[in-house]
Amino acid sequence: MIKEVCNVLTKVREKTPLVHAITNYVTINDCANILLAFGASPAMAEAYDETYDFAKISSSIYINLGTLTKEQEQAMIMAVLSAKNNNIPVVLDPVACGAIKRKIDFIQRIFEVGKVDIIKGNLGEIKYLAGYEAKVRGVDSVDDGSNSVEACVSLARKRSCVVAATGVQDIITDGERIAIIENGTNLLTLVTGAGCMVGALTAATAAVEEDKFFAAIASILSMNLAGEHASKTAKAPGSFKVKLIDEIFLLREENLEKEGRIQWI
Amino acid sequence: MIKEVCNVLTKVREKTPLVHAITNYVTINDCANILLAFGASPAMAEAYDETYDFAKISSSIYINLGTLTKEQEQAMIMAVLSAKNNNIPVVLDPVACGAIKRKIDFIQRIFEVGKVDIIKGNLGEIKYLAGYEAKVRGVDSVDDGSNSVEACVSLARKRSCVVAATGVQDIITDGERIAIIENGTNLLTLVTGAGCMVGALTAATAAVEEDKFFAAIASILSMNLAGEHASKTAKAPGSFKVKLIDEIFLLREENLEKEGRIQWI
Amino acid sequence: MIKEVCNVLTKVREKTPLVHAITNYVTINDCANILLAFGASPAMAEAYDETYDFAKISSSIYINLGTLTKEQEQAMIMAVLSAKNNNIPVVLDPVACGAIKRKIDFIQRIFEVGKVDIIKGNLGEIKYLAGYEAKVRGVDSVDDGSNSVEACVSLARKRSCVVAATGVQDIITDGERIAIIENGTNLLTLVTGAGCMVGALTAATAAVEEDKFFAAIASILSMNLAGEHASKTAKAPGSFKVKLIDEIFLLREENLEKEGRIQWI
């Protein structure tokens, strides 16, 4: 594994980035706990008259559209506007954008008033955003994976940002470089919010690593390895989620070096 | 145990119903995780301009009145209206309706604009809705159980739906048939949201089983058996909740067949 | 350890106080579960037209400013007004008041329309409220602890209430008496909501103990001891949180008597 990716984990622990997350209420607790376990400092300010100023003092911003209340919508607009004005990295998680039309309009607004450094979604969401035919069901992707890399590259170029699509394989691209991560475990699909958690971790890595392509690889690889470690002793989803947080806490730079299986294209 | 009930568990795993839950923020994460562990696919869309359309693509809808924000109230109205127009099964969980008057008015509105297939509440809530004297304390029932079956039957007939009242014994009725489940463990009362979780599971079973009387029996029996299994190794509530999710995941049709203790009246 | 403090734990289990919590969505589930494990009965009513009446039937009220939505703000105002009119104990948790200006204005309003019996915050929040220079970062205190006791006493006198500041050492004072708790474990800082949970427990103890100075000592000491117990077997934050709930459930009056390390000043 290349050094630039592995280093990111150590940088998170050294810098304790303050990650400002505006995220869905289903998995907000898990996002906060996994950020703490990863070495970051989570904060979930989301009142619309708090987020512009709070974004200024944050190391990065995580925007997750899972349960998009009207007040969250306003709060997110103020946060991404502040991020643009104050040069704070933003990670966008376009949850269920393929199933709920309103989210597409809102994503367009985010790009108009703010900026996004990394879009992290499941494969169905990413393909949908890229304008490809995508198979989604509720908040899940049931896509067969055809044209996946092409869709990610296309979206990355269209939006001038890094794109990370999670699935059986995870695809990360900045429109030029492409990485495909082959680590992971199927148990991650049995825990709600595995995607949200990896999005939150991506905001932590984006806060400390200038090259957002490496930042996204580092967070997704970390989650997948923690999942692999947890699955060695936990075989059912309740125990697995507990172990997953433990294993993110216990993960070290050398785990990424030795265990990461990445195709560089 | 009769085959119609036991089959439901297998049907959930085969069909992976998409359960659209609008539920309280206290236990929303647990509801999502237990639905995944059960074999269903949870989705928590709750913005008022999302729920009418989202209900259309859902297999069933779970409406839980625990923390009923104004936006959730609107979202629920749109969801149950859509359910009526599109013939989607609805499970209503009238949390704390005996302690908070506004909830009674809102339940009346739900029946006026939408439809409900199953009302699942604790005994105090069900008796209160049936117009019987009920002893409640905050969100808990402290009812002594007198006239319980009578109250359930009365409510089922009044609302033309299945009624499920949870307690030391669980009573399920469609107004004609009555089942009393004797499985369970007291540890379930020490975990917040055991009632919400069983409500969410009932939405999953209602999605796959035409006879809602059997659907409600299957979900409540599943929860009680998972609780019994979890209580064998977990004696305190933190560990018990983790184990409960594991045991829902591990539950099989033969567990229901062999271990279910039901009085049919 | 003095008897008045240890007794509080037993009183909670005997009286099962109904704790009405209006709290942030990040840790609302943990607050409910730890209250149940402690022996209290949690209820999270937070619609603004519910809280005035619900406060009347509650044993105490917990107000936590973590994610302060507009609807929560209204709900809190109605709850503390009801608490004043109906003489219900109130515990205030001024989360992130040092980082977000709006919260200071809101706290002022709470004191104008309602009443507060105990302010429980981290050291940075308490010093900030007392008008001292405080080092905060997002929702965390990174204060070095200078003038801590002085700040706590000053705030207690200014607001005529008990003040509890959590940190490496925990300081509790009513403006005259001062207690410093030396128990605890660093693992508590790796779990989101450890502060919220101890705030919720403080509402439980305030409900059953007339002397709010002893009430606050009892809840914070209980949390610290449960943390110490949990840390014996759980070394990473996922497992630790599960164990923490278990250990609160298993805690007995004699644990406080034998293991409590308190300086009385």
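Chains as they are written, first to last, in this note's numbering: chain A, 1 to 265; chain B, 1001 to 1265; chain C, 2001 to 2265.
Note that beta-carbon positions come from the ideal geometry of N, C-alpha and C, so glycine has one too.
Within chain B, the residues that residue i reaches when beta carbons sit closer than 9 Å
i: P2042 (chain C); result: V1026, G1138, V1139 and T1192
i: D2246 (chain C); result: A1234, K1235, A1236, P1237, G1238, S1239 and F1240
i: D30 (chain A); result: N1029
Residues that residue i bridges to, as DSSP identifies them
i: V1942 (chain C); result: Residue 1942 (chain C) falls outside the range modelled here, since chain C spans only 2001 to 2265, and no answer is possible.
i: A179 (chain A); result: A:I172 and A:W264
i: N2064 (chain C); result: C:D2093
Residue i, DSSP secondary structure in three states
i: I2104 (chain C); result: helix
i: L92 (chain A); result: strand
i: I2 (chain A); result: coil
i: L18 (chain A); result: strand
i: Y128 (chain A); result: helix
i: D49 (chain A); result: coil
i: D140 (chain A); result: strand
i: N1147 (chain B); result: coil
i: K1235 (chain B); result: coil
i: A1194 (chain B); result: helix
i: A2134 (chain C); result: coil
i: V113 (chain A); result: helix
i: V1008 (chain B); result: helix
i: V2242 (chain C); result: helix
i: N2271 (chain C); result: Not covered by the structure: residue 2271 (chain C). The range shown for chain C is 2001 to 2265.
i: G1098 (chain B); result: coil
i: N2024 (chain C); result: coil
i: G184 (chain A); result: coil
i: E2209 (chain C); result: coil
Closer than 9 Å at the beta carbon, the chain A residues around residue i
i: A2200 (chain C); result: Result: empty, since nearest Cβ-Cβ is about 14 Å, beyond 9 Å.
i: I1057 (chain B); result: A99, R137 and G138
Chain-ordered neighbours of residue i on chain A, where CB pairs are closer than 8 Å
i: D1049 (chain B); result: R102
i: F1249 (chain B); result: L190, A236, P237 and G238
i: K1243 (chain B); result: G238 and S239
i: F1106 (chain B); result: Simply none; closest approach about 19 Å.
Residues that residue i contacts on chain B, provided the C-beta gap is smaller than 7 Å
i: V90 (chain A); result: Simply none; closest approach about 21 Å.
i: L2018 (chain C); result: R1137 and G1138
Opening and closing residue of the alpha helix (DSSP H) in which residue i lies
i: I2057 (chain C); result: Looking at the DSSP string, I2057 (chain C) is not in any alpha helix (DSSP H), and its letter there is neither H nor E.
i: L1256 (chain B); result: E1253 to E1259
i: T2069 (chain C); result: Here T2069 (chain C) belongs to no alpha helix (DSSP H), and DSSP marks it neither H nor E.
i: N1029 (chain B); result: I1028 to F1038
Amino acids of chain A, ordered along the chain, whose beta-carbon sits closer than 7 Å to that of residue i
i: L2068 (chain C); result: A47
Run of the beta strand (DSSP E) containing residue i, from where it starts to where it stops
i: A1043 (chain B); result: S1041 to A1043
Proximal residues of chain E, C-beta to C-beta of residue i below 9 Å
i: E2071 (chain C); result: The chain labelled as chain E is not found among the protein chains of the depicted structure, namely A, B and C.
Contact set between residue i and chain C, taken where Cβ atoms lie within less than 9 Å
i: A1151 (chain B); result: Within 9 Å Cβ-Cβ: nothing; A1151 (chain B) doesn't reach chain C, min ~23 Å.
Within chain C, partners of residue i - CB distance below 8 Å
i: A37 (chain A); result: L2190, A2236, P2237 and G2238
i: N305 (chain A); result: Shown here, chain A extends from 1 to 265; a query on residue 305 (chain A) therefore has no answer.
Check your understanding: Between the region 110-132 of chain A and chain C, which residues of the former have a C-beta closer than 9 Å to a C-beta of the latter?
Key -> none
Check your understanding: Got a sec: which bits of the region 1200-1230 of chain B sit with their beta carbon under 8 Å from any beta carbon on chain A, in order along the chain?
Key -> none
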